[in-house]
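Below is one structure, written out as structure tokens; the observations come after it.
There are 2 protein chains.
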Amino acid sequence: MIANTPATPYYAVIFSTLTTENLKGYEETANRMEELAKVQKGYLGIESARNKLGITVSYWDSLEAIENWKNNLEHIEAREKGRALWYKKYHLRICKVERDYGFEK
Amino acid sequence: MIANTPATPYYAVIFSTLTTENLKGYEETANRMEELAKVQKGYLGIESARNKLGITVSYWDSLEAIENWKNNLEHIEAREKGRALWYKKYHLRICKVERDYGFEK
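Heads up: the sequence lines are chains W and D, in that order. With full-length UniProt numbering, the residue at position 65 of the first sequence is 65, and numbering never jumps. With full-length UniProt numbering, the residue at position 44 of the second sequence is 44, and numbering never jumps.
Given below as structure tokens:
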């Protein structure tokens, strides 16, 4: 779903991924990471979509919150598995959201 | 594909969408907008994925490039059609990419 973020500024982590053929355990870990992210201090929301390319954007209230999430031990373990098994290529971008607006019918 | 962006800082536009049931003409226009974006001054790349939620992230070298693309007449027309026909809800976020890193096997 579309994340219900607060007024700007806040932060976004754009995680763009291409996966390998070996996705055993991937979905379980991805779901667990989403659940774990949600209970971190400073978490604001998450959006995710995948075709061949996967894009997950998580939103945070500060760079410190992003840094803490990066250093979460279970998250570190999952990243190591990701690099060893599931990801062929990824790019991670840490961004400051400066302006935003929405539309709803 | 994963966009091959330059060294930070640069800018990202995160466009998160939920579509209606009436997608007649949508894909054609989306493809045309992608082609048109690619020839704009300051364009750096684009990434796109869709399940129920669609996420398109375009990358730009400046806020001015984003503003010019926003004011492109064919783009304005497409946005109006999008709001009238194709989009149930969307959120657009303009971000400064402050840090990034990649991984490749």
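Don't be surprised by glycine CBs; every beta carbon is placed ideally from N, CA and C. Note that the coordinates shown come from a computational prediction; the quantities given were computed from them, not determined experimentally.
For residue 37/D, the secondary structure class from DSSP, reduced to helix, strand or coil, is helix. The three-state secondary structure of residue 12/D, taken from DSSP, is strand. Take residue 55/D, set aside five residues on each side of it, and the residues of its chain with a beta-carbon closer than 6 Å to its own are 16 and 49, in chain order.
Shown here, residue 7/D sits in coil according to DSSP, grouped into three states, outside any helix or strand. Flagged as an interface residue toward chain D: residue 105/W, by a C-beta distance shorter than 8 Å.
The criterion of a C-beta distance shorter than 8 Å is satisfied by residue 90/D and residue 103/W. Listed as beta-bridge partners of residue 2/W by DSSP are no residues whatsoever. Any Cβ of chain W closer than 8 Å to the Cβ of residue 75/D would place that residue at the interface, and such an atom is absent.
Sequence-ordered contacts of the segment 31-52 of chain W with chain D read 47, 48, 49, 50, 51 and 52 [C-beta pairs closer than 9 Å]. Following the DSSP letters along the chain, one finds residue 81/W inside the alpha helix (DSSP H) bounded by residues 73-81. Between residue 105/W and the set 93/D, 105/D and 82/D, the nearest pair of CA atoms involves 82/D.
For residue 65/D against residue 41/D, the beta-carbon gap comes to about 6 Å, under 8 Å, which counts as contact. Taking the Cβ atoms as the reference, residue 53/W lies roughly 7 Å from residue 2/D, within the contact range of under 8 Å.
Taking 8 Å as the CB threshold, residue 7/W stays off the interface with chain D.
Taking CB atoms only, residue 80/D has no neighbour in chain W less than 8 Å away. Ranking 101/D, 69/D and 79/D by CA distance to the CA of residue 43/D puts 69/D first.
Under the DSSP assignment, residue 24/D falls outside any alpha helix (DSSP H); it carries neither an H nor an E label.
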